[in-house]
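**Student:** In the numbering used here, the protein residues as written are 40 to 529.
This is the structure, below, for whatever I ask next.
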Ligand code: TNX
């Protein structure tokens, strides 16, 4: 990519032209189609233009021949010809016009994001776009971030900020880890006691909280406006102390457990033989599926050392069937590879300490694999030994560690086409505020975004570390805290 462009993630093809570029000032035309989704994107672009100092734009339904124009045009042939049409796009800027074309509105949005990342301020004070041509499409269809809102709770506004950052880096899946030992964060209509009794707690006595059905809808809607699908996770059959604290009928003694505010894992579990367990799983997963417009529901399935395989399979099976009966696709952590999952289910790989046989066998039986290797993608790991927050079980993750890996070869013997994508994860045992969260995400989330979006032939550490330096301006403008990794000349 030309030195002077700082697009992250790196596009497939970029060519920078000569000349003064397209000056963008108040009164620039914005030509968009009449479809509701196109109009919504147009409104987003118009607001953005005001926010970043371009000024008010004229929304146009017809080309009036003016000189200063941004056009967003649906076009089935736009973008690299050999790529999936779902998210590809092209951008062409000359001194009169910026033309963004894509087969879908999601692609148009990515074209807008790319265009925005190329904008510069002229010494005379106005914003302009350099003359260029971009043809782009993602390597993987699943480019995610998992956020743990159970250990510490993050209100809707914090999640919206995270969603905005995700959109800026073309990530398209927000996975919410909604339940764990320390708290239950989603109001589920069939079991109101879950939030009544188990939403108030969080790690080390921090303030808890939960999303009402309306707040969850707000998150889903805001995410959709950035092309992002929400995948809710209710973690079973381990990591369930919040449920056992809310409903004593889920424990063998019939007594609710104590609230838990430590950070150990692997001690709580459901019990297959209790009469309340099956209906609990079925009702909760049916409700969560019904609240979720996206195609996926994550059932957890991780870290259950105290369950024998048969009981594990029985419990996962009930949740799996409820998700399937609701018309959704199951996502589960890698431990569930040993359970019978419907073909097309997604297994999320995270723990390099485990063998790979079960995942390879599940992939051969039709499961897809999502790459979240702890030593690369777990953004709750410390940057280095001196970093004040974060965990260390998967090692330290400096910026280059987050960047320099290929999801296609993480599991030797796994066919390339079984890998559905990449998901970063941020667990919040040690992260209590949105500042602490974004300081872990930035800059590493941008590295993961490039790993997920850009084909290996089009990306390199050397190019990335130079491009990412320019992004500090954006983070400073929106006022988010970030970590000045020593790997970059900021
Ligand atoms: C492992 S990842 C976990 C989480 C912890 C995380 C901390 C996974 C499926 N389980 O419960 O929060 O490590 O890094």
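Built from N, CA and C at the ideal position, the CB exists for glycine as well.
Run through DSSP, which three-state label would residue 485 get?
**Tutor:** For the purposes of this step, residue 485 is taken as residue 446 along the chain shown, with counting starting at 1. In the structure shown, residue 485 sits in a helix (DSSP, three-state: H, G or I).
**Student:** Buried or exposed for residue 101, going by 16 or more other Cβ atoms inside 10 Å?
**Tutor:** Reading the chain shown from its first residue, position 62 is the one you call residue 101. Exposed, since its Cβ has fewer than 16 Cβ neighbours within 10 Å.
**Student:** For residue 516, report the span of its alpha helix (DSSP H) as first-last.
**Tutor:** Start at 1 with the first residue of the chain shown, and residue 516 comes out as number 477. Note, residue 516: alpha helix (DSSP H), 511-517.
**Student:** Grab the span of the alpha helix (DSSP H) containing residue 532 for me, first residue to last.
**Tutor:** Because the chain in this structure spans residues 40 to 529, residue 532 falls outside the shown range and cannot be described.
**Student:** Is the beta carbon of residue 397 within less than 8 angstroms of some heavy atom of the ligand TNX?
**Tutor:** As a working mapping, residue 397 is identified with position 358 in the chain shown. The answer is no for residue 397.
**Student:** Who are residue 432's beta bridge partners in DSSP?
**Tutor:** By 1-based counting over the chain shown, the position of residue 432 is 393. Beta-bridge pairing links residue 432 to no other residue.
**Student:** Which residues in the same chain as residue 548 place their Cβ atom closer than 7 angstroms to its Cβ, once the five residues preceding and following it in sequence are excluded?
**Tutor:** With the chain represented from 40 up to 529, any question about residue 548 goes unanswered, as that position is not in the structure.
**Student:** Please report the distance separating the alpha-carbon of residue 365 from that of residue 317.
**Tutor:** Position 326 of the chain shown, counted from the first residue, corresponds to residue 365. Position 278 of the chain shown, counted from the first residue, corresponds to residue 317. Distance between the alpha carbons of residue 365 and residue 317 is about 16 angstroms.
**Student:** Is it the case that the CB of residue 420 approaches a heavy atom of the ligand TNX more closely than 8 angstroms?
**Tutor:** For the purposes of this step, residue 420 is taken as the residue at position 381 of the chain shown. Flag set: Cβ of residue 420 near the ligand TNX.
**Student:** Rounded C-beta distance between residue 266 and residue 174? I'm assuming under 8 angstroms.
**Tutor:** What you label residue 266 is simply residue 227 of the chain shown in a count that begins at 1. What you label residue 174 is simply residue 135 of the chain shown in a count that begins at 1. Wrong, their Cβ atoms sit about 19 angstroms apart, outside the cutoff.
**Student:** Can you tell me the Cα-Cα spacing of residue 73 and residue 84, whole angstroms?
**Tutor:** Residue mapping note: residue 73 aligns to position 34 of the chain shown, counting from 1. Residue mapping note: residue 84 aligns to position 45 of the chain shown, counting from 1. Near 15 angstroms, if we compare the C-alpha coordinates of residue 84 and residue 73.
**Student:** Would you mind stating whether residue 461 and residue 411 have Cβ atoms separated by less than 9 angstroms?
**Tutor:** For the purposes of this step, residue 461 is identified with residue 422 of the chain shown, where counting begins at 1. For the purposes of this step, residue 411 is identified with residue 372 of the chain shown, where counting begins at 1. Yes. Within cutoff.
**Student:** Should residue 187 be counted as a contact of the ligand TNX given a C-beta to heavy atom distance under 8 angstroms?
**Tutor:** As a position in the chain shown, residue 187 is number 148, starting the count at 1. Answer for residue 187: yes, Cβ within range of the ligand TNX.
**Student:** Taking 8 angstroms as the cut-off, does the stretch 60-77 touch the stretch 131-139 (at least 3 CB pairs, one atom from each stretch)?
**Tutor:** yes
**Student:** Check each candidate in 515, 306, 506, 227 and name the one with the smallest Cα separation from residue 256.
**Tutor:** The residue given as residue 256 occupies position 217 in the chain shown. Cα-wise, what sits closest to residue 256 is 227.
**Student:** Starting from residue 28, trace the alpha helix (DSSP H) in both directions and tell me its first and last residue.
**Tutor:** An answer regarding residue 28 cannot be provided, because it is not within the stretch 40 to 529 covered by the chain.
**Student:** Please name the residue in 132, 147, 97, 92 whose C-alpha comes closest to that of residue 112.
**Tutor:** Sequence index remark: in the chain shown, residue 112 carries index 73 (1-based). Taking only the C-alpha atoms, the option nearest residue 112 is 147.
**Student:** With C-beta atoms as the reference, is residue 343 less than 9 angstroms away from residue 276?
**Tutor:** Within the chain shown, numbered from 1, the residue matching residue 343 stands at position 304. Within the chain shown, numbered from 1, the residue matching residue 276 stands at position 237. Cβ atoms of residue 343 and residue 276: closer than 9 angstroms.
**Student:** Got a sec, what are the start and stop residues for the beta strand (DSSP E) residue 97 sits in?
**Tutor:** Along the chain shown, read from residue 1 onward, the residue named residue 97 stands at position 58. First-last of the beta strand (DSSP E) with residue 97: 97-99.
**Student:** For a test of your reading of the model: does the CB of residue 378 fall under 8 angstroms from any non-hydrogen atom of the ligand TNX? Yes or no.
**Tutor:** What you label residue 378 is simply residue 339 of the chain shown in a count that begins at 1. No, since every heavy atom of the ligand TNX falls outside the 8 angstroms radius drawn around the Cβ of residue 378.
**Student:** Comparing alpha-carbon positions, which option in 355, 44, 93 lies nearest residue 67?
**Tutor:** Along the chain shown, one-based indexing puts residue 67 at 28. Out of 355, 44, 93, 93 has the C-alpha closest to the C-alpha of residue 67.
**Student:** May I ask you to report which of helix, strand or coil DSSP gives residue 55?
**Tutor:** As a first step, residue 55 must be located in the chain shown, where it is residue number 16. If DSSP states are grouped into helix, strand and coil, residue 55 belongs with the strands.
**Student:** Near residue 51, which residues of its chain fall below 7 angstroms by C-beta distance, leaving aside the five closest residues on each side in sequence?
**Tutor:** Within the chain shown, residue 51 is the residue found at index 12, counting from 1. Same-chain partners within the cutoff: 119, 174, 175, 176, 494, 497.
**Student:** Between residue 230 and residue 319, which are expected to be in contact by the criterion C-beta below 8 angstroms, what is the C-beta distance as a whole number of angstroms?
**Tutor:** Your numbering for residue 230 matches position 191 in the chain shown. Your numbering for residue 319 matches position 280 in the chain shown. Right, the Cβ-Cβ distance comes to about 7 angstroms (below 8 angstroms), so this counts as a contact.
**Student:** Fully enclosed by the stretch 112-150, which beta strand (DSSP E) runs are 3 residues long or longer?
**Tutor:** 128-132, 136-141
**Student:** Are the CB atoms of residue 517 and residue 203 within a distance shorter than 9 angstroms?
**Tutor:** Indexing the chain shown from 1 puts residue 203 at position 164. Indexing the chain shown from 1 puts residue 517 at position 478. Their beta carbons are under 9 angstroms apart, which means residue 203 touches residue 517 by this criterion.
**Student:** Could you spell out the range, first to last residue, of the beta strand (DSSP E) harbouring residue 454?
**Tutor:** In the chain shown, residue 454 corresponds to position 415, counting from 1. Note, residue 454: premise wrong, no beta strand (DSSP E); not H, not E.
**Student:** What are the start and end residues of the alpha helix (DSSP H) that includes residue 185?
**Tutor:** Counting from one through the chain shown, the residue named residue 185 turns up at place 146. Unbroken run through residue 185 is the beta strand (DSSP E), 181-187; no alpha helix (DSSP H).
**Student:** May I ask you to report which of helix, strand or coil DSSP gives residue 62?
**Tutor:** Here the question's residue 62 lines up with position 23 in the chain shown. It is a strand residue.
**Student:** Look at the alpha carbon of residue 352 and the alpha carbon of residue 436, and state the distance between them as a whole number of angstroms.
**Tutor:** Taking the chain shown and counting its residues from 1, the one referred to as residue 352 is at position 313. Taking the chain shown and counting its residues from 1, the one referred to as residue 436 is at position 397. Spanning the two alpha carbons is a distance of roughly 34 angstroms.
**Student:** Could you give the C-beta distance for residue 329 and residue 356, rounded to a whole number, given that I count them as a contact under 8 angstroms?
**Tutor:** On the chain shown, position 290 is the one that residue 329 refers to. On the chain shown, position 317 is the one that residue 356 refers to. Not a contact, Cβ separation roughly 20 angstroms.
**Student:** Please report the Cβ distance between residue 519 and residue 200, rounded to the nearest whole angstrom; I am assuming they are in contact, meaning their Cβ atoms lie under 8 angstroms.
**Tutor:** Numbered from its first residue, the chain shown carries residue 519 at position 480. Numbered from its first residue, the chain shown carries residue 200 at position 161. Between residue 200 and residue 519 the Cβ distance is about 7 angstroms, and since that is below 8 angstroms, they are a contact.
**Student:** Between residue 278 and the ligand TNX, is the CB less than 8 angstroms from at least one heavy atom?
**Tutor:** What you label residue 278 is simply residue 239 of the chain shown in a count that begins at 1. Within the cutoff, so yes.
**Student:** Once DSSP output is grouped into helix, strand and coil, what is the label at residue 386?
**Tutor:** Looking up residue 386 in the chain shown gives position 347. Strand at residue 386.
**Student:** For residue 350 versus residue 311, is the C-beta spacing smaller than 9 angstroms?
**Tutor:** For the purposes of this step, residue 350 is identified with residue 311 of the chain shown, where counting begins at 1. For the purposes of this step, residue 311 is identified with residue 272 of the chain shown, where counting begins at 1. Their beta carbons are under 9 angstroms apart, which means residue 350 touches residue 311 by this criterion.
**Student:** Using the Cα positions of residue 452 and residue 391, report the straight-line distance between them to the nearest angstrom.
**Tutor:** By one-based count along the chain shown, residue 452 stands at place 413. By one-based count along the chain shown, residue 391 stands at place 352. Approximately 15 angstroms between the Cα atoms of the pair.
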